[in-house]
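Numbering (this note's numbering), first residue to last: 5 to 340. Cβ atoms here follow ideal geometry from the backbone N, Cα and C, with glycine treated the same way. Structure first, then comments.
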Amino acid sequence: MNFFSRQKSRIQSPSDTVRLLRENIGRLEAPPQGDSHRKATDDISRHMTAIKSAVVGEADQEPSTETVTQVANEVYAQDVMRLMVVHMEAFEFEARKDACTIINALLRRQIGTRLPTVEFLTNRPDTMFAALKQYSNAEIALNTGGVLKEMLRYEPLARILLYSEEFYTFPHFIETTTFGISCDAFANMKECLTKHKPMVAQYLDQHYDRFFKMYQTLILSSNYVTKRQSLKLLGEILLDRANYAIMTRFIADEANLKTMMNFLRDKSRNIQFEAFHVFKVFVANPSKPPQIASILRRNKERLLTFLKDFHNDKEGQLAGSCSDEKAFLITQIQQL
Numbered sequence: 005m006n007f008f009s010r011q012k013s014r015i016q017s018p019s020d021t022v023r024l025l026r027e028n029i030g031r032l033e034a035p036p037q038g039d040s041h042r043k044a045t046d047d048i049s050r051h052m053t054a055i056k057s058a059v060v061g062e063a064d065q066e067p068s069t070e071t072v073t074q075v076a077n078e079v080y081a082q083d084v085m086r087l088m089v090v091h092m093e094a095f096e097f098e099a100r101k102d103a104c105t106i107i108n109a110l111l112r113r114q115i116g117t118r119l120p121t122v123e124f125l126t127n128r129p130d131t132m133f134a135a136l137k138q139y140s141n142a143e144i145a146l147n148t149g150g151v152l153k154e155m156l157r158y159e160p161l162a163r164i165l166l167y168s169e170e171f172y173t174f175p176h177f178i179e180t181t182t183f184g185i186s187c188d189a190f191a192n193m194k195e196c197l198t199k200h201k202p203m204v205a206q207y208l209d210q211h212y213d214r215f216f217k218m219y220q221t222l223i224l225s226s227n228y229v230t231k232r233q234s235l236k237l238l239g240e241i242l243l244d245r246a247n248y249a250i251m252t253r254f255i256a257d258e259a260n261l262k263t264m265m266n267f268l269r270d271k272s273r274n275i276q277f278e279a280f281h282v283f284k285v286f287v288a289n290p291s292k293p294p295q296i297a298s299i300l301r302r303n304k305e306r307l308l309t310f311l312k313d314f315h316n317d318k319e320g321q322l323a324g325s326c327s328d329e330k331a332f333l334i335t336q337i338q339q340l
């Protein structure tokens with residue numbers, strides 16, 4: 005036998021590695037036979053490590069542009085990003101982290117002014133929707149939540165989510181998951197509502213009734229953290245200059261005023277404080293609708309008594325700001 009005639013094994017190209025990863029993820033979808041799933045997850049971990057090195061480089065070496073392009077094109081062609089998100093629970097711990105690193109690195113990939121991965125996902129938003137849906141999976145929710153956060157940095161993707169039916173699943177994940185996952189889901193909903201201000205203002209104007217009907221469920225939540233976070237975010241949204249038209253519409257609704265006045269009586273001082281920052285917009289409005297002015301007049305004495313004692317124990321800069329705002333509101337209410 006001529007031992008020298010043995011063919012050398014072919015070195016895998018980056019594209020080959022992506023295809024092998026795709027094949028092994030596919031094996032996870034089939035019923036397990038013997039150790040087939042165990043071998044598939046081992047191979048997935050190995051391929052994931054190689055792909056991560058290709059797209060982010062090593063500790064002392066930048067990735068090759070040509071290699072990144074090969075990997076990216078094959079990832080798009082094989083729909084690997086969506087598959088990584090959908091099947092992440094089956095991956096080993098380090099492979100999950102590698103999958104998130106790969107997706108986030110590809111999202112940041114830029115060619116001139118183009119963002120090829122963002123363009124790809126704009127036409128294939130099912131990957132983003134899958135990341136949101138994984139909030140129901142406590143095992144990987146924070147991994148996929150990190151991927152979703154990176155996606156929402158880009159306006160085309162944030163627009164797709166905001167205008168989708170899937171956006172309205174945020175309250176479910178905020179209300180029904182564990183504390184850490186709930187906070188992560190809320191943070192991504194906030195990112196969606198505050199990152200790209202002109203786009204969000206247009207959305208809120210077009211979908212005002214549906215959005216605030218949904219948001220009402222959050223500020224009336226029985227969960228203290230959800231209620232407080234939602235009130236704080238509501239204040240940020242209303243006081244943002246880009247949302248002026250939304251704010252004027254919100255403070256013309258007497259039901260909204262009554263809700264905030266009820267929160268001023270909440271047993272939690274933090275809830276009172278967040279509600280105060282929304283309530284003050286009603287009072288400061290120089291063109292109060294008759295129904296709003298009427299409610300404030302009827303409650304004039306009680307409001308004055310409440311405001312004089314409100315958060316007098318605050319210290320430092322916060323105390324000065326709160327004191328100035330209280331003095332202004334007291335003057336406005338006295339003049340009613």
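Nearest-angstrom Cβ-Cβ length linking residue i and residue j, presumed shorter than 8 Å
i: Ala-54; j: Arg-113; result: Ala-54 to Arg-113, Cβ: 18 Å. No contact.
i: Leu-152; j: Val-122; result: In fact, because the Cβ distance is near 14 Å, the residues do not count as touching under 8 Å.
i: Ile-223; j: Leu-235; result: 6 Å
i: Phe-3; j: Phe-254; result: Missing from the structure shown is residue 3; the chain here goes from 5 to 340 and no further.
i: Glu-154; j: Asn-108; result: 5 Å
i: Val-89; j: Thr-148; result: 6 Å
i: Arg-232; j: Glu-278; result: 6 Å
i: Val-282; j: Leu-238; result: 6 Å
i: Ala-256; j: Pro-293; result: 5 Å
Close Cβ partners of residue i (< 7 Å) along its chain, the five nearest in sequence each way excluded
i: Glu-329; result: Lys-284
i: Gly-184; result: Leu-146
i: Val-84; result: Val-22, Leu-25 and Arg-26
i: Phe-8; result: Interpretation of Phe-8 is limited by its pLDDT of 37, a score under 50 that renders its predicted location unreliable; no figure is taken from the coordinates.
i: Glu-159; result: His-200 and Met-203
i: Glu-179; result: Ser-225, Asn-227 and Thr-230
i: Ala-331; result: none
i: Arg-10; result: The predicted model places Arg-10 with a pLDDT of 41, which falls under 50 and marks its position as unreliable; any figure quoted below should be read in that light. Excluding positions up to five away in sequence, the list is empty.
Test item: CB-CB of residue i and residue j under 8 Å
i: Glu-98; j: Ser-49; result: yes
i: Val-287; j: Ile-250; result: no
i: Leu-156; j: Lys-199; result: yes
i: Leu-300; j: Leu-333; result: no
i: Asn-303; j: Met-265; result: yes
i: Ser-40; j: Arg-31; result: yes
i: Ala-142; j: Arg-86; result: no
i: Ala-189; j: Thr-181; result: yes
i: Phe-174; j: Ser-140; result: no
i: Cys-104; j: Gly-150; result: yes
i: Leu-208; j: Asn-247; result: yes
i: Phe-95; j: Thr-45; result: yes
i: Val-59; j: Ile-106; result: yes
i: Met-52; j: Asp-102; result: yes
Sequence-distant residues of the same chain with beta carbon closer than 8 Å to residue i, five excluded per side
i: Ile-144; result: Met-92, Glu-93, Arg-100 and Gln-138
i: Lys-262; result: Ile-299
i: Arg-128; result: Asp-83 and Arg-86
i: Glu-33; result: His-91
i: Glu-62; result: none
i: Lys-271; result: none
i: Met-132; result: Leu-125, Leu-152, Met-155, Leu-161, Ile-164 and Leu-165
i: Tyr-219; result: Ser-234 and Leu-238
i: Ile-296; result: Ile-255, Ala-256, Glu-258, Leu-261, Phe-286 and Asn-289
Cβ-based neighbour list, residue i, same chain, cut-off 6 Å, excluding 5 preceding and 5 following
i: Phe-171; result: Leu-165
i: Ser-68; result: none
i: Phe-124; result: Tyr-80
i: Ser-327; result: none
i: Asn-6; result: With a pLDDT of 44 at Asn-6, under the threshold of 50, the predicted position of this residue should be treated as unreliable, though the coordinate-derived value follows. Correct list: empty, nothing qualifies.
i: Glu-78; result: Ser-19 and Val-22
i: Ser-186; result: Ile-178
i: Lys-194; result: Leu-237
Contact with chain C by residue i, beta-carbon distance below 8 Å
i: Thr-181; result: In summary, chain C is missing from the structure at hand, where a single protein chain is found.
Closer than 7 Å: residue i CB and nearest the ligand MG heavy atom
i: His-51; result: As for the ligand MG, it is missing from this structure, which has no ligand bound.
TODO: Could I get the ranges of all uninterrupted alpha helix (DSSP H) runs contained in the stretch 202-238, with 4 residues as the minimum, in chain order?
DONE: 212-223
Open item on the list: With three or more beta-carbon pairs closer than 8 Å as the criterion, would you say the stretch 198-214 touches the stretch 161-181?
Closed with: yes
Task: Any 3 or more C-beta pairs closer than 8 Å across the stretch 72-88 and the stretch 18-25 - done: yes
Open item on the list: Please give me, in chain order, every unbroken run of the alpha helix (DSSP H) with length at least 4 that falls completely inside the stretch 12-90.
Closed with: 18-33, 40-60, 69-82 and 84-90
- [ ] With a floor of 4 residues, list each alpha helix (DSSP H) that falls wholly inside the stretch 114-180, ordered by position along the chain.
- [x] 120-127, 130-137, 145-155, 159-166 and 174-180
TODO: With a floor of 4 residues, list each alpha helix (DSSP H) that falls wholly inside the stretch 253-291, ordered by position along the chain.
DONE: 258-267 and 273-288
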